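Here this note's numbering is used: the first residue of the sequence shown is 760, the next is one more, and so on.
Since the structure comes first, as structure tokens, the remarks are kept for the end.
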Amino acid sequence: MKIDSATYGIISDMAIEGYSLEEILEENGLEIKMKEDPDVKESFKSGLIYTFIEKKINGIYDEEIISETEITQRQCDEWSIIYDETISYRRLEVRTATLQATKQFSDPLISGMKNITALDQSLNNSESHKVLREDVKVITKSLQEGNTADLLNILVTQTLQLQALNNKITNTVMNSDRYDIMSRFENLQIKTMSETRKTVMAINEVCNPKRAVFVKEANQHNHIHTSNSEKKYGNENELQKCLENTSVISDINILNIEDASYAEKK
């Protein structure tokens, strides 16, 4: 009995699902003697190998694999050696995928890149990801060093985009006779103008930061307050120091201190 290539594929798939070779032959209406056919045996074996690799990737021990599948101990020992590199590589892939899946929520850089590539599927490839990652790191490092040129480029570009959108909305409103469309676009225009104003304020904050001035004024105020306090309590501190230094105080010094204190009160 001749078996076509599709049937061999079915044998392999059913082996992955956990069927025994006898069950597979029965399900597909094949004679039991076909289990000795070399191609049938090879198709069944390929399904078992796939199952073995997947289970080893997930950290399942040989004992459990043997008890749950048609795989024997001898096959486990043999395939562990043959497919060791494949299993190690696939484990690394799984760990990397898990890490990336987590980082897209916890890592701002990866999360931002995911949002960018979602907007433009042409960027959803490893080369584009590499370029985006490097560019973002360069901009970030530049900002940390105090260079705001890249940030200003972003803000100015955003302002121009908002202006272009505002012009587009204005033309739409002017050329429309329907009140509902005009009302909808007018609300959108108000939001666009609000965002434009926020962006312009951000540009002004970058170019003309005011925080340093506030800090300086606060420091000046503290300095003046401290100086006044020192002047106010200076004489009392000197009197206290003299009284504490009893080893050098004489009757004359005490009289002088009392006279000075009386004069100060008057």
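C-beta atoms are modelled at their ideal positions from N, C-alpha and C, and glycine is treated no differently.
Just so you know, these numbers come straight off a predicted model, no measurement behind them.
Contacting residues, own chain, Cβ-Cβ under 7 Å from residue i (five flanking each side not counted)
i: residue 931; result: 944
i: residue 941; result: 932 and 935
i: residue 990; result: With a pLDDT of 49 at residue 990, under the threshold of 50, the modelled position of that residue is not reliable, and no figure is offered here.
i: residue 767; result: 798 and 802
i: residue 875; result: 882 and 891
i: residue 846; result: 812, 815 and 816
i: residue 853; result: 816
i: residue 842; result: 812
Other residues of its chain near residue i: CB distance less than 8 Å, five sequence neighbours each side excluded
i: residue 895; result: 868, 871 and 872
i: residue 786; result: 773 and 778
i: residue 793; result: 760, 762, 784 and 799
i: residue 992; result: Residue placement at residue 992 is flagged as unreliable, the pLDDT there being 48, under the threshold of 50; a coordinate-derived value is accordingly withheld.
i: residue 954; result: 921
i: residue 832; result: 821 and 825
i: residue 892; result: 868 and 872
i: residue 835; result: 811, 821, 824 and 825
i: residue 850; result: 816
i: residue 887; result: 876 and 881
Supposed contact pair residue j and residue i - C-beta distance, whole angstroms, cut 8 Å
i: residue 816; j: residue 838; result: About 13 Å separates the two Cβ atoms, so there is no contact after all.
i: residue 918; j: residue 959; result: 6 Å
i: residue 805; j: residue 764; result: Between residue 764 and residue 805 the Cβ distance is about 13 Å, and since that is not below 8 Å, they are no contact.
i: residue 710; j: residue 928; result: Given that the chain is displayed from residue 760 to residue 1025, the structure contains no residue 710 and the question cannot be resolved.
For residue i, the first and last residue of its enclosing alpha helix (DSSP H)
i: residue 821; result: 821-827
i: residue 807; result: 797-816
i: residue 939; result: 938-966
i: residue 1048; result: Outside the displayed span of the chain (760 to 1025) sits residue 1048, for which this structure offers no information.
i: residue 767; result: 764-775
i: residue 783; result: 780-786
Proximity below 8 Å, CB of residue i to CB of residue j
i: residue 811; j: residue 824; result: yes
i: residue 882; j: residue 962; result: no
i: residue 951; j: residue 924; result: yes
i: residue 791; j: residue 781; result: yes
Residue i beta carbon near the ligand MN (any heavy atom closer than 7 Å)
i: residue 935; result: No copy of the ligand MN appears in this structure; indeed no ligand is present at all.
6 Å Cβ shell around residue i - same chain, five flanking residues per side excluded
i: residue 1005; result: Confidence is the limiting factor: at residue 1005 the pLDDT is only 46, short of 50, which leaves the residue's position unreliable, though a coordinate-based value still follows. Taken in chain order, the list of residues that qualify is empty.
i: residue 909; result: 898 and 901
Closer than 8 Å to chain D by CB, residue i
i: residue 761; result: In the displayed structure, chain D is absent; only one protein chain is listed.
- [ ] Tell me the start and end of each unbroken alpha helix (DSSP H) in the segment 869-925 that is at least 4 residues and wholly inside, in chain order.
- [x] 885-903
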